[in-house]
Ligand SMILES: Nc1ncnc2c1ncn2[C@@H]1O[C@H](COP(=O)(O)OP(=O)(O)OP(=O)(O)O)[C@@H](O)[C@H]1O
Ligand SMILES: [Mg+2]
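Residue numbers (this note's numbering): 821 to 1178.
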């Protein structure tokens, strides 16, 4: 999948822009505050319905404007052209148009435009809480298991209802009907997550070894409770504790991906540059697995490419990205930082105060 045309209107400091990206590498060069991250956020929003720095639409829509509008032409691997439009109002209402039809859901947008994002904010994947790693795992589960989205929505609903009921319940029997529904959903979600991690583990370890050859990464999935134990039984045993907190303390909503080297958590061991490389390794491994599985490349958005990386590591990352044969958008403050990566079919865009030129 590649973006052949992109129009951005009233998105942060970008008033109006139309660009025709290369199917290979696209570089966005500009000073601090020129709009590079905003530009990448606009692409991200096309595939997610939200930006990655702020959820609030009022922060993303240009000051004094009532809505933002994004439009793109996408070419699928079968050379089919799709037009995708998205508008968002200040109240947060999304309108999605695909091939001139309205009323699509965000999940349909996400299926059409799979992308991997590598940004300084993305360090949360490794040094933030488990929710960031769950989001990473669930991206893959969503794209590889069609039943996952329904299961995931059910899990959210059931946990919300269960937590509300915990406040009022006197004994476990009152929760039984909920848990009868919750347990199979929780078990299936965990099974899918296990399965997905098993599938990409090799790719994650291989890619992280390419970037950080001196380390042997250990990557273990934790499903949210001890795997040898029965979830239904644990819910019964934990009733008093859950009631005390009015919160279900164990379950798939506590899952995590534990990344360690010699039993030391990587966020304790690694420098910023090493964390960035590992984050890239995870995203690339996931993107590559997606590409092999679906026979369709996913898009990469890389903000502030050069930050934290020395010249050798930049070259390594560039080489690996080139080998994916994907469409890539890379931002940098200085053309010198990316000059060595630019090939014949790539494009360079310059951005100044939100105005983009090729
Ligand atoms: N809703 C908005 N309306 C108008 N301008 C905005 C809005 N939100 C942010 N901006 C401005 O957009 C400009 C571009 O920000 P952005 O983060 O995209 O810059 P950048 O090129 O990525 O900078 P850096 O190199 O420092 O990362 C900033 O000056 C910011 O204040
Ligand atoms: Mg930026």
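Ideal Cβ placement from N, Cα and C applies to all residues, glycine included. Please read all numbers here as calculations on a predicted model, not as lab measurements.
Asked, Found
"Rounded straight-line distance, which links the Cα of residue 988 to that of residue 1132", "60 Å"
"In DSSP terms, what residue 903 is bridged to", "893"
"Residue 882 beta carbon near ligand 1 (any heavy atom closer than 6 Å)", "yes"
"Cα-Cα separation, residue 967 to residue 828", "33 Å"
"Cβ contact (3+ pairs, closer than 8 Å) linking the segment 834-841 and the segment 1153-1166", "no"
"Three or more C-beta pairs below 8 Å linking the segment 841-851 and the segment 1137-1148", "yes"
"One or two residues paired with residue 843 in a DSSP bridge", "DSSP lists no partner for residue 843."
"DSSP three-state assignment for residue 1144, whether helix, strand or coil", "coil"
"Proximity winner among 890, 1049, 1140 and 1032, relative to residue 1003 (alpha-carbon distances)", "1049"
"Cβ distance (whole Å) where residue 1006 is taken to contact residue 975 below 8 Å", "7 Å"
"Outcome for residue 867 when other beta-carbon atoms lying within 10 angstroms are tallied against a minimum of 16", "buried"
"Close beta carbons around residue 897, own chain, < 6 Å, minus the five adjacent residues each side", "1116"
"For residue 1079 and residue 1118, believed in contact at Cβ under 8 Å, the rounded distance", "Incorrect: roughly 22 Å between the Cβ atoms, too far for contact."
"Opposing strand residues paired with residue 1079 [DSSP bridges]", "1039"
"Strand pairing of residue 1012, partner residues [DSSP]", "Answer by DSSP bridge pairing: none, since residue 1012 is not bridged."
"Where the alpha helix (DSSP H) containing residue 963 begins and where it ends", "950-964"
"Contacting residues, own chain, Cβ-Cβ under 6 Å from residue 1059 (five flanking each side not counted)", "992"
"C-beta contact flag for residue 930 and residue 969 at 7 Å", "no"
"Proximity test, residue 886 beta-carbon vs ligand 1 heavy atom, cut-off 6 Å", "no"
"Residue 931 CB to nearest heavy atom of ligand 2 below 6 Å", "no"
"Span of the alpha helix (DSSP H) around residue 914", "That residue, residue 914, is in no alpha helix (DSSP H); its beta strand (DSSP E) goes 914-918."
"Contact test: residue 1078 Cβ vs ligand 1 heavy atom, cutoff 6 Å", "no"
"Residue 853 classed as buried or exposed, judged by whether at least 16 other C-beta atoms fall within 10 angstroms", "exposed"
"Classification of residue 861 by the beta-carbon crowding that lies within 10 angstroms, buried from 16 upward", "buried"
"Three-pair Cβ contact test at 8 Å for the segment 1096-1103 versus the segment 911-920", "no"
"Close-in-space but distant-in-sequence residues of the same chain around residue 1076 (CB under 6 Å, 5 per side omitted)", "950, 953 and 1042"
"Cut-off 6 Å between Cβ atoms - residues of its own chain near residue 826, not counting five sequence neighbours on either side", "839 and 892"
"Proximity winner among 1088, 1047 and 919, relative to residue 947 (alpha-carbon distances)", "1088"
"Cα-Cα separation between residue 1174 and residue 1019, rounded to whole angstroms", "41 Å"
"Nearest-residue set for ligand 2, Cβ under 7 Å from any heavy atom", "856, 857, 1123, 1124 and 1151"
"Distance cut-off 6 Å: residue 832 Cβ against heavy atoms of ligand 1", "yes"
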